[in-house]
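Chemist:
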Amino acid sequence: MNPLERAGARPGPAFTVTFDGRPVRALPGQTVAAVLWAAGVTSWRATRGEGRPRGVFCGIGVCFDCLVTVNDRPNQRACLVPVRPGDVIGTQEGTGHAGADHEGADDGGDSRAG
Amino acid sequence: MRGQTTRERTTGETVVQAELVVIGAGPAGLAASLAASARGARVVLIDAATETGGQFYRQPAAGLGAGRPEALHHQWRTWERLRDGLAASAVRVLTDHHVWCVERASGGFTVHALLGPEQEQPAETHARAVLLATGGYEHVLPFPGWTLPGVVTAGGAQAMLKGQLVVPGHRAVVAGTGPLLLPVATGLAAAGVEVAALVESTGPGRLARHARALTGKLPEGAGHAARLLRHRVPVLTRHTVVRAHGDTRLTGVTVAALDTAGRVRPGTERQVPCDTLAVGHGMLPHTDLAEGLGCGLDGLAVAVDAEQRTDVPGVWAAGESTGIGGAALALAEGHIAGCSAAAHLRGTVPGPAPAAFKARTKLRSSAAALDAAYAPPAHWPEQVTDDTVVCRCEEVTAGAVRDALDLGAGDERTVKLLTRAGMGWCQGRMCQTAVAGLTGCPPAPSRRSFARPVPLGVLARHHTQEELS
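Here the protein sequences come in this chain order: A and B.
With the first letter of the first sequence counted as 1, position 65 gets the number 93 in the numbering used here; the numbers rise by one all the way through.
With the first letter of the second sequence counted as 1, position 209 gets the number 310 in the numbering used here; the numbers rise by one all the way through.
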C-alpha cells in the first residue's frame with residue numbers, strides 16, 4: 029500500500045510545477061523534495077567541486093545536501109521549501125550563481141553568515 | 102493571550118513578549134510547555150516546522166489531508182493527549198520560526214528567529230526564562246558511496262514518510278546501528294517499499310549483556326520484531342554496509358559480516374541490489390543554542406541538574422539536547438523542566454509528578470544501555486577508502502584528512518584548517534564525528550556562533566538597531 033493510501037490522504041487538487049523544464053505533478057502541502065521523489069527524481073544538484081549528483085540526505089534541514097534552485101533563487105533546501113503552483117524548479121549547478129556575473133546582479137541568495 | 106504583546110518595529114520585525122520561551126515543539130517541548138502553563142507561566146512555544154510534534158510526532162502536511170496519520174506513527178494516543186492539551190492551554194505557539202540565536206538581555210533573554218521557508222524575515226521573542234528542547238539529528242559515519250542519491254539517513258526516510266507521505270524508491274536496505282532502524286524498516290515496508298534487508302552492526306550478544314537495563318524496552322522490541330517478520334524483512338545482525346554502488350544514483354550495496362572485534366570478516370561480502378539505502382549510526386544532540394548561551398556540556402550533550410536546569414541561570418534544557426534517550430524520556434524531562442521553570446518564575450516549589458522522576462531514572466538507565474549496546478563498529482575507519490568523501494559540503498576526502506594527519510594535524514580543528522572539512526553549509530554537523538574518528542581523538546563540542554544560516558541583511562539591520570538604541 030503506498031503511503032498516501034496508508035495514511036488515508038485526501039489531498040487538495042493537484043497542480044503542476046516544472047523540474048528542468050518538464051511538468052511535474054504536485055500536491056498541496058508537499059515540499060520540493062517530496063514532489064521530486066514522487067516523480068521518481070532523487071538528484072537535483074551538481075556539487076561545486078566534482079559536479080557530483082546529490083539530493084535528499086538528512087531530510088530535516090540539517091545537511092544542506094538537497095539544495096535546489098526554485099524560481100531563480102538558488103540554495104533553497106528542497107526538504108523544507110513547500111511548492112506552489114507554477115514553481116520553476118531547476119537542478120542547481122555548483123553554487124547556483126553561475127549566471128549572476130553576466131546579469132550583473134546577485135540576489136544574495138547565499139549571502140549568509142552561519 | 103494573557104499579558105502577551107506583539108508589536109511591529111518600524112523595520113517590520115515581529116516582537117513577542119513572554120515569561121518562558123520554549124524552543125522546540127517535540128515531546129520534550131510540548132510536555133514542558135504544558136507543565137509550565139498549567140502552573141501559571143505565560144509560555145511561548147517556538148518551532149521551525151509548520152506543525153507541532155517534532156521529529157517523533159512529525160505530522161503529515163495539512164494540505165495532504167491525511168485521514169489516518171496514526172497508521173504511520175507509534176504511541177499515537179500520547180500525541181493526541183499532548184495535542185489536545187496544547188489546544189486547551191494558554192500556550193502561544195509560533196510555528197515556522199527558525200531560531201538562530203538566543204541572546205542574554207537585561208532581565209532575560211531575546212530569541213532571534215527567521216520566519217518561514219525563505220528564512221529572511223526576522224522575529225524576536227523576549228522572555229525571562231528559556232527552555233531548550235531542540236532535539237537531535239542523525240549521526241551517519243562515512244563509507245564509500247554514501248554521497249550517492251538514493252542514500253538517505255534512516256531518520257530522513259522516516260521524516261519524508263511521516264511528513265510528506267513519500268518514499269524514495271522501491272527496494273530499500275536499512276542499515277547502521279541503533280533502535281531507530283527497526284521502526285524505519287517496518288515503516289518503509291508498511292508503506293509499500295520492499296525492504297531487502299535490515300543490516301545491524303551490533304550482534305545479539307551485545308544486547309544480551311545489557312538485558313537487565315533493557316527489560317522495559319522488550320515489549321517495544323518484540324512488537325518491531327513481529328512486524329519485521331510479517332513484512333518478511335530479513336535481519337542481518339553483526340553485519341555492515343561496506344560500500345554503496347552506483348554512478349548517478351544508488352543501484353545496490355555490498356554487505357559484509359563483522360567479527361566480534363568489529364572488523365569486516367574477509368570473504369563474507371555480498372551484493373544486495375537496491376535503489377534506497379536508509380542508514381544511521383544513532384543520534385547527536387542539537388546544542389548550538391545552549392553553547393551560544395554559554396551552557397556547560399556533558400560530553401556532546403547539554404549538562405543539566407536534577408531539575409533540568411543548565412548552569413546558566415534562567416536556562417533549562419530537556420529531551421535529546423541533554424542526551425539521546427527517546428520520546429518517553431523526553432516527555433519526563435520536559436515535564437520536570439517545565440515545572441521547575443514555572444516555579445522559578447512564580448516563586449513557588451516545582452512539584453512535578455513523582456512518576457516523571459521515576460520514569461526519568463529508569464529511562465536514562467535503559468538509554469545508557471542502548472547506547473553501549475548499539476555503538477558503531479569499532480574499526481569503521483578501516484572501511485573508509487582514501488577516495489571516500491568525508492565532508493559532504495566541501496567534498497573533502499578521507500585521503501585529504503589522512504594527509505593532514507601526516508602533516509601533523511592531531512585534532513578536528515587543525516584538520517579543518519588544513520582541509521576545509523566542516524567549513525561548508527552544514528558547519529560540520531554531518532562530518533564532525535567522522536573527522537574526529539579518522540583523527541583518532543574523541544569528538545569535541547563545536548562552537549557555532551549561529552544555529553543556522555542568517556542573511557547578512559538581517560545581521561546588518563540588527564547591528565544598526567543596536568547602534569541607534
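Ideal Cβ positions, reconstructed from N, Cα and C, are used throughout, including at glycine.
One question on the structure: do residue 496 of chain B and residue 75 of chain A come within less than 7 Å of each other, judged by their Cβ atoms?
Modeler: Yes, these two residues count as a Cβ contact at 7 Å.
Chemist: With 7 Å set as the bound, which would you pick, yes or no: does the beta-carbon of residue 115 of chain B sit closer than that to a beta-carbon of chain A?
Modeler: For residue 115 of chain B, the answer is no, since every Cβ of chain A falls outside 7 Å of its Cβ.
Chemist: Please determine, among B:272, B:308, B:280 and B:519, the residue with the shortest C-alpha to C-alpha distance to residue 293 of chain B.
Modeler: Cα-wise, what sits closest to residue 293 of chain B is B:272.
Chemist: With residue 437 of chain B and residue 465 of chain B assumed to form a contact (beta carbons below 8 Å), what rounded beta-carbon distance in angstroms separates them?
Modeler: Their Cβ separation, rounded to whole angstroms, is 12 Å, which puts residue 437 of chain B and residue 465 of chain B out of contact at 8 Å.
Chemist: Looking at the secondary structure, which residues open and close the beta strand (DSSP E) in which residue 104 of chain A lies?
Modeler: Residue 104 of chain A -> beta strand (DSSP E) spans 101-105.
Chemist: Would you tell me roughly how many angstroms separate the C-alpha atoms of residue 251 of chain B and residue 343 of chain B, rounded to the nearest one?
Modeler: Taking the straight line joining both Cα atoms gives about 16 Å.
Chemist: Leaving out five residues before and five after residue 111 of chain B in sequence, what residues of the same chain have Cβ atoms less than 6 Å from its Cβ?
Modeler: The predicted model places residue 111 of chain B with a pLDDT of 47, which falls under 50 and marks its position as unreliable; any figure quoted below should be read in that light. Cβ within range, chain order: n/a, list empty.
Chemist: Between residue 501 of chain B and chain A, is the shortest Cβ-Cβ distance under 7 Å, so that the two count as touching?
Modeler: For residue 501 of chain B, the answer is no, since every Cβ of chain A falls outside 7 Å of its Cβ.
Chemist: Per DSSP, what kind of secondary structure is residue 38 of chain A in: helix, strand or coil?
Modeler: Looking at residue 38 of chain A - three-state DSSP - the assignment turns out to be coil, as it is neither helix nor strand.
Chemist: From the DSSP output, in three-state form, read off residue 528 of chain B for me.
Modeler: Reduced to three states, the DSSP call for residue 528 of chain B is coil.
Chemist: My output table needs one value for residue 452 of chain B: the three-state DSSP class, helix, strand or coil.
Modeler: The answer is coil: DSSP assigns residue 452 of chain B none of H, G, I, E or B.
Chemist: CA-CA distance, residue 352 of chain B and residue 269 of chain B?
Modeler: Cα-Cα distance, rounded: 13 Å.
Chemist: Suppose only complete runs of 4+ residues qualify. What are the alpha helix (DSSP H) ranges in the stretch 158-204 of chain B, listed by chain order?
Modeler: The stretch 158-204 of chain B contains these whole alpha helix (DSSP H) runs: 177-189.
Chemist: Name the residues in the stretch 35-68 of chain A whose C-beta lies less than 8 Å from a C-beta of chain B; which are they?
Modeler: If the cut-off is 8 Å between Cβ atoms, the stretch 35-68 of chain A has 35, 36, 37, 38, 39, 40, 55, 56, 57, 58, 59, 61, 62, 65 and 66 near chain B.
Chemist: Thinking C-alpha only, which one of A:95, A:42 and A:107 is nearest residue 265 of chain B?
Modeler: It is A:107.
Chemist: Mind the definition here: the stretch 367-384 of chain B touches the stretch 405-417 of chain B only if three or more C-beta pairs lie below 8 Å; say whether that holds.
Modeler: Contact fails: fewer than three Cβ-Cβ distances are below 8 Å.
Chemist: In this structure, what does DSSP give as the bridge partners for residue 331 of chain B?
Modeler: DSSP, once it has assigned bridges, lists no residue as partnering residue 331 of chain B.
Chemist: Go to residue 65 of chain A, then tell me how far its alpha helix (DSSP H) extends in each direction, as first and last residue.
Modeler: 60-66 is the span of the alpha helix (DSSP H), which, as asked, contains residue 65 of chain A.
Chemist: Quick one: what's got a C-beta closer than 6 Å to residue 429 of chain B's C-beta in the same chain, skipping five residues either side?
Modeler: Counting only Cβ-Cβ distances below 6 Å, and skipping sequence neighbours, we find 464.
Chemist: Determine whether the beta carbon atoms of residue 109 of chain A and residue 60 of chain A lie at a separation below 7 Å.
Modeler: It is a contact, given that the beta carbons lie within the stated cut-off.
Chemist: Can at least three beta-carbon pairs, one atom from the stretch 272-292 of chain B and one from the stretch 509-517 of chain B, be found at a separation below 8 Å?
Modeler: The stretch 272-292 of chain B vs the stretch 509-517 of chain B: no contact.
Chemist: Residue 492 of chain B and residue 525 of chain B look like a contact to me (Cβ under 8 Å); what is the Cβ gap, rounded to whole Å?
Modeler: Confirmed, about 6 Å.
Chemist: For residue 349 of chain B, go through chain A and note every residue whose CB falls closer than 8 Å to its CB, in chain order.
Modeler: Correct list: 71 and 81.
Chemist: At a Cβ threshold of 7 Å, is residue 265 of chain B touching chain A?
Modeler: Interface residue, yes.
Chemist: In this structure, how does DSSP classify residue 436 of chain B when only helix, strand and coil are distinguished?
Modeler: If DSSP states are grouped into helix, strand and coil, residue 436 of chain B belongs with the helices.
Chemist: Could you tell me whether the stretch 282-291 of chain B touches the stretch 238-251 of chain B, where touching means 3 or more Cβ pairs closer than 8 Å?
Modeler: Short answer: they don't touch.
Chemist: Under 7 Å Cβ to Cβ from residue 479 of chain B, same chain only, skipping five residues before and after it: list those, please.
Modeler: Cβ within range, chain order: 362 and 363.
Chemist: Rounded C-beta distance between residue 420 of chain B and residue 150 of chain B? I'm assuming under 8 Å.
Modeler: Not a contact, Cβ separation roughly 15 Å.
Chemist: I want to verify the contact list: residues of chain C whose CB lies under 8 Å from the CB of residue 31 of chain A, in sequence order.
Modeler: As a matter of chain content, chain C is missing from the structure shown, whose protein chains are A and B.
Chemist: Count Cβ pairs between the stretch 113-121 of chain A and the stretch 89-98 of chain A that sit closer than 8 Å; are there 3 or more?
Modeler: The stretch 113-121 of chain A, when compared against the stretch 89-98 of chain A, does touch it at the 8 Å Cβ threshold.
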